[in-house]
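Residue numbers (numbering that gives the first Met the number 0), protein chains in the order written: chain A, 0 to 200; chain B, 0 to 200; chain C, 0 to 200. Beta carbons are placed, not taken as given, at the ideal position from N, Cα and C, and that holds for glycine. As the structure is a computational prediction, the values presented were derived from the model and not from experiment.
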Amino acid sequence: MSLLNIIEIFGIAFFTVTGAIEAKRRGMDLVGVFVIAFITAFGGGTLRDVILNRYPLFWIAKPEYIVGTLILSIATSLVMKFRHIKLSDRAIIVPDAVGLGLYSAVGVAYTIQTGVSFPVAILMGVITATFGGVLRDIVCNEVPVIFKRGQLYATCAFASSIVYFLVRTATGDHISATAASVMTATILRIFSVKYDITLPL
Amino acid sequence: MSLLNIIEIFGIAFFTVTGAIEAKRRGMDLVGVFVIAFITAFGGGTLRDVILNRYPLFWIAKPEYIVGTLILSIATSLVMKFRHIKLSDRAIIVPDAVGLGLYSAVGVAYTIQTGVSFPVAILMGVITATFGGVLRDIVCNEVPVIFKRGQLYATCAFASSIVYFLVRTATGDHISATAASVMTATILRIFSVKYDITLPL
Amino acid sequence: MSLLNIIEIFGIAFFTVTGAIEAKRRGMDLVGVFVIAFITAFGGGTLRDVILNRYPLFWIAKPEYIVGTLILSIATSLVMKFRHIKLSDRAIIVPDAVGLGLYSAVGVAYTIQTGVSFPVAILMGVITATFGGVLRDIVCNEVPVIFKRGQLYATCAFASSIVYFLVRTATGDHISATAASVMTATILRIFSVKYDITLPL
């Protein structure tokens with residue numbers, strides 16, 4: 000198992016849990032929770048792979064990803080049912096931001112392997128990181144959080160994709176580039192929510 | 000023409016009619032009715048084929064599928080216009096459930112051919128059966144029926160995909176596996192609506 | 000650069016501007032404007048290429064398309080911010096109709112190259128022309144304009160795809176077929192909006 004796989008698995012775990020929490024908050028049953036968690040965790044990477052024509056898709060050859068997502072969905076449902084956890088909107092901001100940074104790194108890393116240009120690599124980082132959440136919100140019939148004014152979200156994925164690309168190009172080191180990417184996304188996202196930072200344009 | 004094609008055609012016909020009825024109930028014109036019927040009937044199989052990299056897509060090499068869907072859409076529009084049929088929500092439950100069982104069977108059958116693992120085969124059965132309806136509801140700006148609490152829907156596709164897989168593996172017979180799949184989806188769906196059966200979790 | 004590329008670039012420019020205007024009217028920031036403009040301009044062609052298995056996607060090998068869309072999005076945002084332009088719903092009807100005709104032509108032209116049947120070619124023209132707008136409306140959580148009763152929209156793409164196919168087949172000339180396609184879409188769309196023309200069925 001490569002380092003990239005391990006980072007990917009952490010990203011999947013983070014997004015599965017945030018997806019499952021969102022679905023559970025909307026009162027869905029286990030099948031709904033699993034499907035929403037799956038879409039959130041795999042939607043962005045699937046779109047990236049389809050756009051880049053990378054087959055088999057990153058999760059098709061790995062049934063353990065599907066089974067793992069199912070187990071995490073059941074666990075999240077059980078915990079939320081029996082612990083009566085009331086989760087506010089804010090509760091998923093940090094795990095979501097960590098997932099955002101991990102997925103930006105994975106997205107840019109995969110895309111670099113295919114030898115495409117810098118703008119495409121950054122765009123694929125952003126798509127990998129944000130599109131699962133966009134699909135989740137579309138399916139739940141909401142305006143995707145990414146497009147709501149007044150918070151940086153896609154901008155965080157954009158910034159952390161660029162940071163990953165720069166650190167990776169400068170040092171050639173995957174781990175430090177991923178760490179920088181995750182830190183960028185998390186810090187930028189938390190600051191944005193806390194101090195209401197928005198883009199001037 | 001293979002047996003699988005014939006089952007596929009029945010599934011397409013069922014979902015085309017349910018899609019056309021839904022579009023007509025929302026007051027759409029013929030082009031809208033055709034597009035919604037097309038998305039409902041071909042959306043799930045298209046996503047399955049894109050995920051599995053099965054090209055050409057199952058309907059690209061078959062213009063008769065497109066023409067047939069157009070004719071069925073016109074027929075449904077005409078019947079609903081001149082017979083002034085008022086269709087309740089319940090009217091499409093049985094044809095929709097039959098389509099669900101047929102598509103689950105087709106989805107699992109195609110996926111088995113590509114030699115992927117059991118979890119992927121079941122997931123593809125569910126996607127083939129449900130995703131056309133998900134797309135239809137997304138395009139009509141509704142929360143997809145699949146995610147509404149209080150009814151089994153994806154669960155029916157899930158159960159009938161597993162039933163198809165088991166009967167097919169045990170007997171090797173495509174017809175009896177399909178029949179079992181359709182019966183599972185239809186009975187489970189009707190019982191769920193009639194007796195308000197829901198998942199415990 | 001081929002003639003088809005030049006027509007494609009004009010289509011991209013038209014749809015980028017209409018997408019950016021729509022996003023700006025909803026109060027989105029620059030990242031949101033760029034993403035919506037990108038989805039509007041590239042969504043239909045991307046779906047067409049994925050369905051036809053034409054890789055690399057038409058924009059992957061052309062980073063200048065991505066950069067150009069970004070520059071146009073910034074320019075549109077700046078103009079709308081500092082000129083305080085209030086754009087009515089009607090303001091984008093003509094550029095949108097021109098884009099519709101251009102994209103129908105490009106969609107049919109690409110599809111003819113792959114040697115598929117007439118119904119598929121027309122369907123791909125319609126998908127190329129309309130699906131970017133469908134995705135834009137879905138992401139903004141609206142019923143896609145294409146499905147609202149009382150205006151011809153998909154019908155315009157349908158008519159101009161057929162006109163392109165016929166003129167191209169009759170004359171073999173790409174330019175006159177494109178001109179006829181654009182005129183068909185624009186005239187039909189303007190008449191439909193002005194005189195409330197709808198389909199009888």
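Between residue 31 (chain C) and chain A, is the shortest Cβ-Cβ distance under 8 Å, so that the two count as touching? yes
Chain B contacts from the stretch 183-199 of chain C (Cβ-Cβ distance under 8 Å): 197 and 198
At 8 Å on the CB atoms, spell out the chain C contacts of residue 139 (chain B), in chain order. 142 and 146
Burial state of residue 7 (chain B) (16 or more Cβ within 10 Å): buried
Using the three-state DSSP reduction, which class does residue 143 (chain C) fall into: helix, strand or coil? coil
From the DSSP output, in three-state form, read off residue 27 (chain A) for me. coil
Three-state secondary structure (DSSP) of residue 191 (chain A): helix
Put residue 57 (chain C) into one of helix, strand or coil per three-state DSSP. coil
Please confirm whether residue 131 (chain C) and residue 39 (chain C) have their CB atoms less than 8 Å apart. yes
Between the Cα of residue 34 (chain C) and the Cα atoms of C:116, C:166, C:94 and C:14, which residue gives the shortest distance? C:14
8 Å Cβ cutoff, residue 28 (chain A) in contact with chain B: yes
What is the DSSP secondary structure of residue 172 (chain B), counted as helix, strand or coil? coil
8 Å Cβ cut-off: residues of chain C touching residue 59 (chain B): 50, 51, 115 and 119
Could you compute how far the alpha carbon of residue 42 (chain B) sits from the alpha carbon of residue 53 (chain B)? 15 Å
For chain A, is any of its Cβ atoms less than 8 Å away from the one on residue 65 (chain C)? yes
Could you give the first and the last residue of the continuous alpha helix (DSSP H) run that contains residue 129 (chain C)? 117-138
Alpha carbons only, please: which of A:137, A:133 and A:44 is nearest the one belonging to residue 145 (chain A)? A:133
Helix, strand or coil: how does DSSP classify residue 152 (chain B) here? coil
Decide if the stretch 99-110 of chain A is in contact with the stretch 151-163 of chain A; the criterion is three or more beta carbon pairs, one per stretch, under 8 Å apart. yes
For residue 3 (chain B), which residues from the same chain have a beta carbon less than 8 Å from its beta carbon, with the 5 sequence-adjacent residues on both sides left out? 105, 108, 109 and 173
Use the C-beta contact count for residue 114 (chain B): other C-beta atoms within 10 angstroms, 16 or more gives buried, fewer gives exposed. exposed
Interface residues of chain A around residue 153 (chain B) at Cβ under 8 Å? 30, 31 and 34
Assign residue 63 (chain A) to buried or exposed, taking buried as 16 or more other Cβ atoms, counted over all protein chains shown, within 10 Å of its Cβ. exposed
Heavy atom of the ligand GDP less than 7 Å from the Cβ of residue 77 (chain C), yes or no? In the structure shown, the ligand GDP is absent, as is every other ligand, since no ligand is present at all.
If you compare alpha carbons, which of B:55, B:48, B:128 and B:45 is closest to residue 181 (chain B)? B:128
If we define contact as Cβ-Cβ less than 8 Å, is residue 109 (chain A) a contact residue for chain B? no
Is it right to say residue 60 (chain B) is buried, meaning 16 or more other beta carbons lie within 10 angstroms of its own, or is it exposed? exposed
Given this structure, state the Cα-to-Cα distance separating residue 111 (chain C) from residue 118 (chain C), to the nearest angstrom. 11 Å
Cα-Cα separation between residue 186 (chain B) and residue 140 (chain B), rounded to whole angstroms: 29 Å
Terminal residues of the alpha helix (DSSP H) in which residue 69 (chain B) lies: 62-81
Determine the chain C residues that contact residue 76 (chain B) at a beta-carbon separation under 8 Å, and present them in chain order. 200
By a C-beta neighbour count over all protein chains shown, 10 Å radius and 16 as the cutoff for buried, is residue 163 (chain B) buried or exposed? buried
Whole-angstrom Cβ separation of residue 189 (chain C) and residue 93 (chain C), contact assumed at under 8 Å? 7 Å
Mapping DSSP to helix, strand and coil, what is residue 46 (chain B)? helix
What span of residues does the alpha helix (DSSP H) with residue 108 (chain B) cover, start to end? 92-112
Reduced DSSP category for residue 4 (chain B) - H, G, I as helix; E, B as strand; rest coil: helix
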